[in-house]
Ligand code: LMR
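Rendered as structure tokens:
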């Protein structure tokens, strides 16, 4: 074959390869794009729910139910990631993280909101609530718990619900606490300063505010002698391993305010916001039911473990504690708000 014919053949072959490549790549590419479009999953919203307690608590379980309901009812459009036991944020960080919308749901105990509204210390006012029914009534009173929830909007947060835990009991590693004088000289861990610190000062005791995640070690190492918490928190944190004495005082409450970021909440498509509101209602009912059940269960478990010496205080002994705490009422009634305290007292009637 002549040189020129070879060249012609080569040129033709190259054109052929080019045409094939263009057809192949172009066509295939288009096809691929359409396929990708078809296969792309619907846009998913991922939200985070962070809390500091164990999963086997009323708060932990209610958060899990909220996740399940939202994911089911949204048909997978929303994924709720729950982070228990301060895994994502501890007490100090979770409020800041919520305001920055780095987490969308948290449920701190009411007293941890004191920086936003001092009224949230009402659940700590010693011996204010005689029973859980009064607490639940106060939660749903528009002039009580309702008013306090609305006050959070100015801090870019929305209070969605109250979830209960229970009444606080005193534990320590030094001695049985049967009368106010027994408490003198001991040092207790508190959730925050403010009223909780004053409550121990009134008994001649010291206190140190500390995040929940640090309490077990502090008790173990003797940084503090004791702490106050619900039966369920004492049980699920295994404080019986590091505390010998428990006094059944029911002197204050641990209840949670479920919070979301205002911009996030208001920016949700309406149908998803409704799904989340409905799920929150169901989770709240569940939290109430569980709080009652687990409080009792943990109390029995701690008692029967034999690791802690239980002191069930008589009405007279409790009255002595109540009397010793009177200065705290005087100090805090204006800070909390007399009208709110009155609403709580009415709820107890
Ligand atoms: C505590 O810090 O003791 C509690 O507020 C922890 C909790 O969330 O129950």
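In the working numbering, the protein residues as written are 1334 to 1682. Ideal placement from N, C-alpha and C gives every residue a C-beta, glycine not left out. Just so we're clear, the structure is a prediction, and the values are computed from it rather than from any experiment.
query, result
"If you draw a straight line from the alpha carbon of residue 1386 to that of residue 1623, how long is it in whole angstroms?", "15 Å"
"Between which two residues does the alpha helix (DSSP H) containing residue 1638 stretch?", "1603-1638"
"So, for residue 1463: in the same chain, excluding its five sequence neighbours on each side, which residues have a beta-carbon less than 8 Å away from its beta-carbon?", "1681"
"Counting pairs of Cβ atoms below 8 Å between the segment 1589-1608 and the segment 1441-1452, do you hit three or more?", "yes"
"Whose C-alpha, out of 1561, 1661 and 1383, is nearest the C-alpha of residue 1423?", "1383"
"Taking Cβ positions, are residue 1570 and residue 1521 nearer each other than 7 Å?", "no"
"Just checking residue 1565 against the ligand LMR - is the residue's beta carbon closer than 6 Å to any of the ligand's heavy atoms?", "no"
"Using CA coordinates, which residue listed in 1548, 1500 and 1482 is at the minimum distance from residue 1493?", "1482"
"What number of angstroms, rounded off, separates the C-alpha of residue 1598 from the C-alpha of residue 1510?", "46 Å"
"Give every residue of the same chain whose Cβ lies closer than 7 Å to the Cβ of residue 1664, excluding the five residues on either side of it in the sequence, and list them in chain order.", "1531"
"Tell me the DSSP bridge mates of residue 1589?", "1442 and 1496"
"For the ligand LMR, is there a heavy atom less than 6 Å away from the beta-carbon of residue 1583?", "no"
"Report the residue from 1642, 1440, 1625 and 1610 whose alpha carbon sits nearest the alpha carbon of residue 1407.", "1610"
"For my contact list, residue 1562 and residue 1501 are in at a C-beta cut-off of 8 Å; report their separation, rounded to the angstrom.", "6 Å"
"As a quick exercise: from 1540, 1655, 1633 and 1420, pick the residue whose alpha carbon is nearest that of residue 1557.", "1540"
"Over what stretch of residues does the beta strand (DSSP E) that includes residue 1422 continue unbroken?", "Unbroken run through residue 1422: none, as it is neither H nor E."
"Cutting at 6 Å between CB atoms, please list the residues of its own chain near residue 1427, excluding the five before and the five after it.", "1383 and 1439"
"Say yes only if the C-beta of residue 1453 is nearer than 6 Å to one or more non-hydrogen atoms of the ligand LMR, and no if none qualify.", "no"
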